[in-house]
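For reference, the structure discussed in these notes is given below.
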Amino acid sequence: MPYSHRLAQIADLPAIVAIYNSTVAGRMVTADTEPVSVASRQGWFDEHVPQRRPLWVVEEGGRIIGWLSYSNFYGRPAYAGTAELSIYLHESARGKGLGSYLLTEAITFAPELGVHTLLGFIFGHNTPSLKLFAHFGFAEWANMPRVATLDEIERDLLILGKRIS
Numbered sequence: 439m440p441y442s443h444r445l446a447q448i449a450d451l452p453a454i455v456a457i458y459n460s461t462v463a464g465r466m467v468t469a470d471t472e473p474v475s476v477a478s479r480q481g482w483f484d485e486h487v488p489q490r491r492p493l494w495v496v497e498e499g500g501r502i503i504g505w506l507s508y509s510n511f512y513g514r515p516a517y518a519g520t521a522e523l524s525i526y527l528h529e530s531a532r533g534k535g536l537g538s539y540l541l542t543e544a545i546t547f548a549p550e551l552g553v554h555t556l557l558g559f560i561f562g563h564n565t566p567s568l569k570l571f572a573h574f575g576f577a578e579w580a581n582m583p584r585v586a587t588l589d590e591i592e593r594d595l596l597i598l599g600k601r602i603s
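Residue numbers 439 to 603, in the working numbering, belong to the letters of the sequence shown in order.
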């Protein structure tokens with residue numbers, strides 16, 4: 439199925455948060471241990487300036503089924519050419535190529551944002567995401583063993599990176 443994306447609008451924030459929150463209980467995608475509120479994500483949304491760090495959504499049948507964000511890495515000027523990518527998919531959209539579509543588009547578009555290096559912060563036990571990023575040439579640049587504790591289980595955080603220009 440061909441997909442297309444658009445810039446997120448403030449009216450999309452409840453759907454973006456709902457997709458994010460749907461991953462909390464699985465303990466594979468996010469380090470949040472409780473659902474977040476729409477209000478608590480307003481500042482995060484506002485940081486996604488289309489010219490520098492866009493936030494994209496994908497719709498199907500009028501409802502948002504996934505999103506991708508470019509986020510600042512470390513927040514200092516010298517790191518402006520590096521961005522962290524986050525991809526979150528509605529449960530019904532997983533395993534259907536949407537993650538590949540979004541990652542392809544993100545890699546292609548990054549130079550237009552002045553981004554030469556992309557990062558993914560992924561839990562070591564999140565095999566689907568690790569495979570997706572590896573498929574696109576991301577390599578393990580860092581392994582931070584047991585830095586997260588989810589339900590009393592210590593988890594590794596891997597940083598995958600790809601230089602694109």
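All residues carry an ideal CB built from backbone N, CA and C; glycine is no exception.
Kindly indicate which three-state DSSP category Y539 falls into: helix, strand or coil?
In this structure, Y539 counts as helix in the three-state DSSP scheme.
L556 to E592, Cα distance in whole Å?
Cα atoms of L556 and E592: separation of roughly 26 angstroms, rounded to the nearest angstrom.
Local conformation of F576 per DSSP, three classes
F576: coil per DSSP, three-state reduction.
Among the residues of its own chain, which have a CB less than 6 angstroms from the CB of M582, if the five just before and after it don't count?
Listed in chain order, the non-local C-beta contacts of M582 below 6 angstroms within the same chain comprise L595, local neighbours out to five positions each way being set aside.
Just list the residues that DSSP pairs W482 with in beta bridges.
In the DSSP assignment, W482 forms no beta bridge with any residue.
Residue range of the unbroken alpha helix (DSSP H) whose run includes N459:
Element bounds for N459: L451 to N459.
Candidates A477, A453 and S509: which alpha carbon is nearest V495's?
Distances from the alpha-carbon of V495 to those of A477, A453 and S509 put A453 closest.
Reducing DSSP to helix, strand and coil, say where T565 ends up.
Looking at T565 - three-state DSSP - the assignment turns out to be helix.
For G562 and L568, the rounded distance between their alpha carbons
L568 and G562: Cα-Cα distance of roughly 8 angstroms.
Cβ shell of F511 (< 7 angstroms), same chain only, five flanking positions each side left out:
Y517, T520, A521, E522 and L557.
Quick one: give me the first and last residue of the beta strand (DSSP E) that Y526 is part of.
Y526 -> beta strand (DSSP E) spans T520 to L527.
Around the C-beta of S507, are 16 or more other C-beta atoms found within 10 angstroms, so that it is buried, or is it exposed?
It is buried - the Cβ of S507 has at least 16 other Cβ atoms within 10 Å.
Beta bridge counterpart(s) of S509 as assigned by DSSP
Beta-bridge partners of S509 (DSSP): E522.
CA-to-CA distance, I448 to H486, given in whole angstroms
For H486 and I448, the distance between alpha carbons rounds to 11 angstroms.
The region 525 to 538 contacting the region 471 to 486, beta-carbon criterion three pairs below 8 angstroms:
Under the 8 angstroms Cβ criterion, the region 525 to 538 does not count as touching the region 471 to 486, having fewer than three qualifying pairs.
Would you say R491 and L451 are within 9 angstroms of each other, going by their C-beta atoms?
Not in contact: R491 and L451 (Cβ atoms no closer than 9 angstroms).
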